[in-house]
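Scroll down for the structure; my scribbles are underneath it.
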Amino acid sequence: MLCPVCKVPLTMSERQGVEIDYCSDCRGVWLDRGELDKIIERSAAEMAPPPPQSTPEPDPRGYDNDDYGRRGGYGKHGGQGKHGGYRRKSWLHDLFD
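Residue numbering for the sequence shown follows our numbering, starting at -1 and increasing by one per position.
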């Protein structure tokens, strides 16, 4: 198959079960029929909320706990620092990497 933009042959690659055709000149990406549906289904499954977890049992010692009221050990900037916390890469990032 030829690139609709550059008219050069497309390179076929399969990543994580999805067949991708891409152009090495213009870096365009084309998907075969049904491949976009696979990507959408996988993305929706990843975005689904996790199953509810049971609430932890309260500490039977309550306020008598020696650690009650003590500050955490994150230092003066809190736990995330200047630029926020860690963000996990999506599988979609790996698909086109």
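Just so you know, even glycine gets a beta-carbon here, dropped at the ideal spot from N, CA and C.
Around the CB of Ile38, fewer than 16 other CB atoms lie within 10 Å, so the residue is classed as exposed.
Contact between Asp35 and Cys4 fails: their C-beta atoms lie close to 27 Å from each other, not under 8 Å. Per DSSP, the beta-bridge partners of Glu17 are Glu12.
Annotated as distal: Ile18 and Leu0, with beta-carbon spacing of 8 Å or more. Annotation for Gly15: Lys36 place their beta carbon closer than 8 Å to its own, counting only its chain and skipping 5 residues before and after. Beta-bridge analysis with DSSP links Val27 to Tyr20. Under the DSSP definition of a beta bridge, Pro7 partners with Leu0.
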